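Chemist:
Protein chains in written order, with our numbering: chain A, 1 to 507; chain B, 1 to 210.
(1) Which whole-angstrom value describes the C-beta separation of residue 133 (chain A) and residue 90 (chain A), a residue pair presumed to lie in contact below a C-beta threshold of 8 Å?
(2) In the stretch 181–205 of chain B, which residues sit with their C-beta less than 9 Å from some C-beta in chain A, listed in chain order?
(3) How about residue 346 (chain A) and residue 146 (chain A): do their beta carbons lie closer than 7 Å?
(4) Within 7 Å (strictly less), CB to CB, does residue 109 (chain B) reach chain A?
(5) Anything in chain B within Cβ reach of residue 164 (chain A), meaning under 8 Å, just list it in chain order.
(6) For a test of the three-state rule: what should DSSP assign to residue 139 (chain B), helix, strand or coil?
(7) Tell me whether residue 199 (chain A) is buried or exposed, calling it buried when 16 or more other Cβ atoms sit within 10 Å of its Cβ.
(8) Given a threshold of 16 other Cβ atoms within 10 Å of its Cβ, counted over all protein chains shown, does residue 60 (chain A) qualify as buried or as exposed?
(9) Keeping to the same chain, check which residues put their C-beta closer than 7 Å to that of residue 95 (chain B); ignore five residues upstream and five downstream.
(10) Where residue 43 (chain A) and residue 151 (chain A) are concerned, what is the direct C-alpha to C-alpha distance, given to the nearest angstrom?
(11) Is residue 65 (chain B) closer than 7 Å to residue 155 (chain B) when the C-beta atoms are compared?
(12) Is residue 442 (chain A) helix, strand or coil when you go by DSSP?
(13) Mind checking who residue 128 (chain B) pairs with in its DSSP beta bridge?
(14) Thinking C-alpha only, which one of A:301, A:222, A:271 and A:233 is nearest residue 250 (chain A)?
(15) Judging by CA-CA distance, which residue of A:109, A:375, A:363 and A:51 is the nearest neighbour of residue 189 (chain B)?
(16) So, are the CB atoms of residue 137 (chain B) and residue 127 (chain B) less than 7 Å apart?
(17) Got a sec: is the Cβ-Cβ distance from residue 491 (chain A) to anything in chain B below 7 Å?
(18) Considering residue 104 (chain B), what are the terminal residues of the beta strand (DSSP E) in which it resides?
(19) Work out the CA separation of residue 135 (chain B) and residue 489 (chain A) for me, nearest whole Å.
(20) Which runs of the alpha helix (DSSP H) spanning at least 4 residues fall entirely within the stretch 167–229 of chain A, listed in chain order?
(21) Let me see if you follow: with CB-CB separation under 7 Å, is residue 31 (chain B) close to chain A or not?
(22) Taking 7 Å as the CB-CB limit, is residue 167 (chain A) close to chain B?
(23) Leaving out five residues on either side along the sequence, give the residues of the same chain with a beta carbon under 7 Å from the beta carbon of residue 167 (chain A).
(24) With H, G and I counted as helix, E and B as strand and the rest as coil, what does DSSP make of residue 146 (chain A)?
(25) Alpha carbon to alpha carbon, how far is residue 129 (chain B) from residue 260 (chain A)?
(26) At 3 residues or longer, what runs of the beta strand (DSSP E) sit wholly inside the stretch 10–94 of chain B?
(27) Do we get a CB-CB distance below 7 Å when we pair residue 72 (chain B) with the residues of chain A?
(28) In the DSSP assignment, find the beta strand (DSSP E) that holds residue 157 (chain B) and state where it starts and stops.
(29) Name the chain B residues that come within less than 8 Å of residue 113 (chain A), Cβ to Cβ?
(30) For residue 99 (chain A), does the count of other Cβ atoms within 10 angstroms reach 16, so buried, or fall short, so exposed?
(31) Using a C-beta to C-beta distance shorter than 9 Å, which residues of chain A count as neighbours of residue 77 (chain B)?
(32) What residue range is occupied by the uninterrupted alpha helix (DSSP H) comprising residue 255 (chain A)?
(33) Out of curiosity, what's the CA-to-CA distance linking residue 21 (chain B) and residue 507 (chain A)?
(34) For a minimum of 3 consecutive residues, which ranges assigned as the beta strand (DSSP E) are wholly contained in the stretch 374–441 of chain A?
(35) Starting from residue 96 (chain A), follow the beta strand (DSSP E) in both directions and report where the run begins and ends.
(36) If you draw a straight line from the C-alpha of residue 500 (chain A) to the C-alpha of residue 384 (chain A), how long is it?
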């Protein structure tokens, strides 16, 4: 009897069900074993980096961290989502914020964190008080966000039972750090699919992302941005895999699950949806044309997995006091003074230098330069930045990297045309995010309030691809050398950013 | 071999950069004209400026920090005048963020008093709040000949006596405050993590380039 026949018989035997379950149980292990060791190293580096950032960043000094913590606390303590977007937090958290002088330190570079033993003792006494952790149920800005990230964070929150608010916060930050690790791992896998010709460049891109201070700082804090980044990176990876190997049933279902997870992680993901849907549609069209379309059952399953969880949350959300749907529609509501031309001009200037004839959005500076400054360093509540001379020096490596990237694209121009639909999908996802940020800014007259690098973290996989391409742009002989220099550049950027934050809070 | 040399050169550059950075003396507060406040004196939406008399410019002051807060800062020009003569001036480019702005000034060898500190806001990107303390009109800052509701908060900064190297132990100690389990072990843990980052990243680059 052949192996296949023996397996068939086993499948039909009374014990077949057990064999199938055992096989299913082994499947994740088999999949994990297929991931190269270098990808795990990238994940480990990103996790360690995020843990380092969680130490460097004082408690509640990451953007909106008090609100995100309040959301998790309320969900864990009551089993219900927060009921109000006011910023009256539960007494246990409010006392910690007060004793940490959180409001005075936030935004004010001249104010470091607490610095005396007396302040520490006062904090410890405040943390030990038996104060309410469940009322009044406010979660500030976080209240309108979907619950996936916060639900996951209830696990470390519960693990900290018996501990103080700060114990729980540290455990929650560690879970975010693991999400940072997942992001770097998925970036590596994305590069393996998107740039298959040079395996060493996967490590360059993966490590560069792992060492990015912007990823480290958000993965070292309690923020749904920590979850959104790996989910968006998974989306890029699955699309790249589908474009390279064809749309399998497994990839279709995984894409559906990723889209569902994204919708339930942060409202920002909705901006990525048009591009994601475009990419999925192209994959289905190409598979149908090649006669290799997954079964209708698989596609229905994938569609169901993508839509049903978000729809269920949407239905529940419609009856909430602070519906996310209202936040989204309110964010894009047009008022009298807004025009389509005005919106286009604003969005253009948010990312690119102003063209003649446009009314100035920014004065004395342009949006692209502000983004570059944010890329060089923007920490704490975005008030902590490098001095201007550092930004000027940073132009040199940035220009070199851009040049190398262009060289790589020119050298591979033939394959670019062949992959135009894949690139258009990535472009549509990126454009969706950039337009959403720009439109939100324009409609709210925010004047740069959303000009924060963390909002671009969903595109971190493309940044990794850009850096891997730059290394390849140095050519076959010097590529690995350029790769080593790029990794040390990212390492240096990360370490000096940590020193900057240390000097700001503890100097 | 080439990769190992590039990696070593990169790491050496970082090490030298860190050593030089830690050898610098951070700016410290020499004097401030008022207790720090978050009280809004005025809100500027267009180009604005004000002058404040009766200030003291301590010797060696190399920067002033003004109580101005905004989303994306404007250009800020500062002039220090003694007897109507400009004795120091500096400019901060637009794009700063937060609840204060620091403007570098050329240091003066001697303390000068009384001086008038003037500032001008141009290229405004969003409304700017001026923070300070409400006072009587006779001591208040003045704009276009009129008294403002009070005096603006101004801090005078100069490089401190100690380098970051000599402050390592105090910074390590402070890093451990405000935590779940306070102690300098946070600094040791951070150092261990950073060493692990360097070792792992270097090893991965060398391994994959083979």
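Every residue, glycine too, gets a C-beta built ideally from N, C-alpha and C.
All values derive from a computational prediction rather than experimental measurement.
Modeler: With the given structure in hand:
(1) Along the first chain, read from residue 1 onward, the residue named residue 133 (chain A) stands at position 133. Along the first chain, read from residue 1 onward, the residue named residue 90 (chain A) stands at position 90. So it is a contact: roughly 5 Å between Cβ atoms.
(2) For the stretch 181–205 of chain B, the set of residues with a beta-carbon nearer than 9 Å to any beta-carbon of chain A comprises 181, 182, 186, 187, 189, 190, 193, 194, 196, 197, 198, 200, 201, 202, 203, 204 and 205, in chain order.
(3) The residue labelled residue 346 (chain A) in the question sits at position 346 within the first chain. The residue labelled residue 146 (chain A) in the question sits at position 146 within the first chain. The answer is no: Cβ separation not under 7 Å.
(4) Here residue 109 (chain B) refers to the residue found at position 109 of the second chain. Cβ-Cβ to chain A under 7 Å: no for residue 109 (chain B).
(5) Here residue 164 (chain A) refers to the residue found at position 164 when the first chain is read from its first residue. Those within 8 Å of residue 164 (chain A) in chain B are 180.
(6) By 1-based counting over the second chain, the position of residue 139 (chain B) is 139. Correct three-state label for residue 139 (chain B): coil.
(7) Along the first chain, one-based indexing puts residue 199 (chain A) at 199. Classified as exposed, residue 199 (chain A) has fewer than 16 neighbouring CB atoms from the shown chains inside 10 Å of its CB.
(8) Here residue 60 (chain A) refers to the residue found at position 60 of the first chain. With 16 or more Cβ atoms within 10 Å of its Cβ, residue 60 (chain A) is classed as buried.
(9) Numbered from its first residue, the second chain carries residue 95 (chain B) at position 95. Hits under 7 Å: 72 and 73.
(10) Residue mapping note: residue 43 (chain A) aligns to position 43 of the first chain, counting from 1. Residue mapping note: residue 151 (chain A) aligns to position 151 of the first chain, counting from 1. Roughly 23 Å between the two C-alpha positions.
(11) Locating residue 155 (chain B) in the second chain gives position 155, counting from the first residue. Locating residue 65 (chain B) in the second chain gives position 65, counting from the first residue. In this structure, residue 155 (chain B) places its C-beta atom within 7 Å of the C-beta atom of residue 65 (chain B).
(12) Working through the first chain from its first residue, we reach residue 442 (chain A) at position 442. Reduced to three states, the DSSP call for residue 442 (chain A) is helix.
(13) Position 128 of the second chain, counting from 1, holds the residue named residue 128 (chain B). DSSP output for residue 128 (chain B) lists B:44 as bridge partner(s).
(14) Along the first chain, one-based indexing puts residue 250 (chain A) at 250. Per the Cα distances, A:301.
(15) Position 189 of the second chain holds residue 189 (chain B). Out of A:109, A:375, A:363 and A:51, the CA that lies nearest to the CA of residue 189 (chain B) is found in A:51.
(16) Against the second chain, residue 137 (chain B) aligns to sequence position 137. Against the second chain, residue 127 (chain B) aligns to sequence position 127. No. Outside cutoff.
(17) Taking the first chain and counting its residues from 1, one reaches residue 491 (chain A) at position 491. Judged by the 7 Å Cβ criterion, residue 491 (chain A) is in contact with chain B.
(18) In the second chain, the residue the question calls residue 104 (chain B) occupies position 104. Counting along the chain, the beta strand (DSSP E) containing residue 104 (chain B) begins and ends at 101–104.
(19) Locating residue 489 (chain A) in the first chain gives position 489, where the first residue counts as 1. Locating residue 135 (chain B) in the second chain gives position 135, where the first residue counts as 1. Cα to Cα, the separation comes out at about 51 Å.
(20) When DSSP assignments are scanned along the stretch 167–229 of chain A, the uninterrupted stretches of alpha helix (DSSP H) that are 4 or more residues long and fall wholly within it turn out to be 199–210 and 213–219.
(21) On the second chain, residue 31 (chain B) is found 31 positions in, with the first residue counted as 1. Taking CB atoms only, residue 31 (chain B) has no neighbour in chain A less than 7 Å away.
(22) Locating residue 167 (chain A) in the first chain gives position 167, counting from the first residue. Chain B contact via Cβ: present.
(23) In the first chain, counting from the first residue as 1, residue 167 (chain A) sits at position 167. Excluding residues within five positions, the ones whose Cβ falls inside 7 Å are 160.
(24) Walking along the first chain from the start, residue 146 (chain A) turns up at place 146. In this structure, residue 146 (chain A) counts as coil in the three-state DSSP scheme.
(25) Locating residue 129 (chain B) in the second chain gives position 129, counting from the first residue. Locating residue 260 (chain A) in the first chain gives position 260, counting from the first residue. Rounded to the nearest angstrom, the gap between the Cα atoms of residue 129 (chain B) and residue 260 (chain A) is 43 Å.
(26) Runs found: 27–32, 40–44, 48–57, 63–66, 75–82 and 85–92.
(27) Residue 72 (chain B) sits at position 72 when you count from the first residue of the second chain. For residue 72 (chain B), the answer is yes, since a Cβ of chain A falls inside 7 Å of its Cβ.
(28) For the purposes of this step, residue 157 (chain B) is taken as residue 157 along the second chain, with counting starting at 1. From DSSP, the beta strand (DSSP E) with residue 157 (chain B) extends over 154–159.
(29) On the first chain, residue 113 (chain A) is found 113 positions in, with the first residue counted as 1. In chain order: 174, 177 and 178.
(30) Counted from its first residue, the first chain places residue 99 (chain A) at position 99. Residue 99 (chain A) should be labelled buried.
(31) Translated into positions along the second chain, residue 77 (chain B) becomes position 77. Within chain A, no residue comes near residue 77 (chain B); the closest Cβ sits about 12 Å away, beyond 9 Å.
(32) The sequence position of residue 255 (chain A) within the first chain is 255, counting from 1. Its alpha helix (DSSP H) spans residues 249–265.
(33) On the second chain, position 21 is the one that residue 21 (chain B) refers to. On the first chain, position 507 is the one that residue 507 (chain A) refers to. About 13 Å.
(34) Segments of the beta strand (DSSP E) lying fully in the stretch 374–441 of chain A: there are none.
(35) The count along the first chain starts at 1 and reaches residue 96 (chain A) at position 96. Premise fails: residue 96 (chain A) lies in the alpha helix (DSSP H), 91–99, not in any beta strand (DSSP E).
(36) Taking the first residue of the first chain as 1, we reach residue 500 (chain A) at position 500. Taking the first residue of the first chain as 1, we reach residue 384 (chain A) at position 384. Going by the C-alpha atoms only, they are around 8 Å apart.
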